[in-house]
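Engineer: Residue numbers (the working numbering): -19 to 192.
Quick one: the structure is below, and I'll ask about it shortly.
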């Protein structure tokens, strides 16, 4: 009885239907999160612009600033600005990775259904002819061949990274979204500390300029 349940097509269909719906919901949640990356990026760029303007003002007016800020205060303010700027650039890098991967995921989602539908249609017709002629054919898509063909234009080290990622994420249906979400998490992390160091710059300026 248990074996018949396991091989029952209806049960398998039900399992696949539920699994596909669950995976689709997870993908939709990931995409909604990754779509907010440009909003975080705008805030980070605003901070980066403020950091650049403040740094340029400090350096260009150094002789006028130091008497009021002291040399120690000037160094601390410049240090906080530099760290904030570095964090801002790292946040921008993560933002680009997230948005590029998110765009790739979106395009693949749009293009793949038509490709698989055409393959399924032709596969059914080929299998019918093969059955009539008594010929055994392999009609399933080879993912390894797809990856190998895709990797051909890249340098050897990129091909190695692609192969490594394929092996690492084998069987993971959310692998593409995981890349985007990891980049998004990094973007949030660097943007948060970018803001903290910019606030530290403001606080240091207020502390050392308290006598003005």
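Idealized CB from N, CA, C, for every residue including glycine.
Please read all numbers here as calculations on a predicted model, not as lab measurements.
Three-state secondary structure (DSSP) at residue 115?
Structural biologist: The sequence position of residue 115 within the chain shown is 135, counting from 1. Of the three classes helix, strand and coil, the one that applies to residue 115 here is coil, per DSSP.
Engineer: Using CA coordinates, which residue listed in 17, -7 and 180 is at the minimum distance from residue 162?
Structural biologist: In the chain shown, the residue the question calls residue 162 occupies position 182. Cα-wise, what sits closest to residue 162 is 17.
Engineer: Going by other Cβ atoms of all chains shown within 10 Å of its Cβ, with 16 needed for buried, is residue 171 buried or exposed?
Structural biologist: Within the chain shown, numbered from 1, the residue matching residue 171 stands at position 191. By the neighbour-count rule (16 or more Cβ atoms within 10 Å), residue 171 is buried.
Engineer: Just the Cα atoms here: how many angstroms apart are residue 48 and residue 35?
Structural biologist: In the chain shown, residue 48 corresponds to position 68, counting from 1. In the chain shown, residue 35 corresponds to position 55, counting from 1. About 16 Å.
Engineer: Tell me which residue opens and which closes the alpha helix (DSSP H) that residue 40 is part of.
Structural biologist: If you number the chain shown from 1, residue 40 lands on position 60. Here the alpha helix (DSSP H) through residue 40 covers 17 to 40.
Engineer: Using the C-alpha atoms, what's the distance from residue 165 back to residue -5?
Structural biologist: Counted from its first residue, the chain shown places residue -5 at position 15. Counted from its first residue, the chain shown places residue 165 at position 185. When rounded, the distance between both Cα atoms is 32 Å.
Engineer: Would you kindly report the start and end of the unbroken alpha helix (DSSP H) that includes residue 7?
Structural biologist: As a position in the chain shown, residue 7 is number 27, starting the count at 1. Start and end: -11 to 14.
Engineer: Return the first residue and the last residue of the alpha helix (DSSP H) that residue 189 is part of.
Structural biologist: As a working note, residue 189 is residue 209 in the chain shown. Run containing residue 189: none; DSSP gives neither H nor E here.
Engineer: Any idea if residue 71 is buried or exposed, counting beta-carbon neighbours within 10 angstroms, 16 or more meaning buried?
Structural biologist: In the chain shown, counting from the first residue as 1, residue 71 sits at position 91. Buried, by the Cβ-count rule.
Engineer: Could you give the distance in angstroms between the alpha-carbon of residue -19 and the alpha-carbon of residue -10?
Structural biologist: For this step, residue -19 is matched to residue 1 along the chain shown. For this step, residue -10 is matched to residue 10 along the chain shown. Low local confidence applies: a pLDDT of 44 at residue -19 is under 50, so the model's placement there is unreliable, with the coordinate-based value given in what follows. Residue -19 and residue -10: Cα-Cα distance of roughly 15 Å.
Engineer: Please go through the segment 38 to 101 and give each complete alpha helix (DSSP H) segment of 4 or more residues, from N-terminal end onward.
Structural biologist: The segment 38 to 101 contains these whole alpha helix (DSSP H) runs: 42 to 49.
Engineer: Rounded C-beta distance between residue 146 and residue 127? I'm assuming under 8 Å.
Structural biologist: If you number the chain shown from 1, residue 146 lands on position 166. If you number the chain shown from 1, residue 127 lands on position 147. Yes, they are in contact, since the Cβ atoms of residue 146 and residue 127 sit about 6 Å apart, within 8 Å.
Engineer: Could you tell me the alpha carbon to alpha carbon distance between residue 131 and residue 122, rounded to whole angstroms?
Structural biologist: Residue 131 sits at position 151 when you count from the first residue of the chain shown. Residue 122 sits at position 142 when you count from the first residue of the chain shown. If you take the alpha carbons of residue 131 and residue 122, they lie about 15 Å apart.
Engineer: Just the C-alpha distance for residue 12 and residue 88, rounded to the nearest angstrom, thanks.
Structural biologist: Here residue 12 is taken as the residue at index 32 of the chain shown, counted from 1. Here residue 88 is taken as the residue at index 108 of the chain shown, counted from 1. So the alpha carbons of these two residues sit roughly 16 Å apart.
Engineer: Provide the residue span of the alpha helix (DSSP H) that contains residue 124, from first to last.
Structural biologist: On the chain shown, residue 124 is found 144 positions in, with the first residue counted as 1. Residues 123 to 131.
Engineer: What is the rounded straight-line gap between the Cα of residue 2 and the Cα of residue 125?
Structural biologist: For this step, residue 2 is matched to residue 22 along the chain shown. For this step, residue 125 is matched to residue 145 along the chain shown. Roughly 28 Å between the two C-alpha positions.
Engineer: Can you look up residue 153 in the DSSP assignment and give me helix, strand or coil?
Structural biologist: Within the chain shown, the letter at position 173 stands for residue 153. Residue 153: coil per DSSP, three-state reduction.
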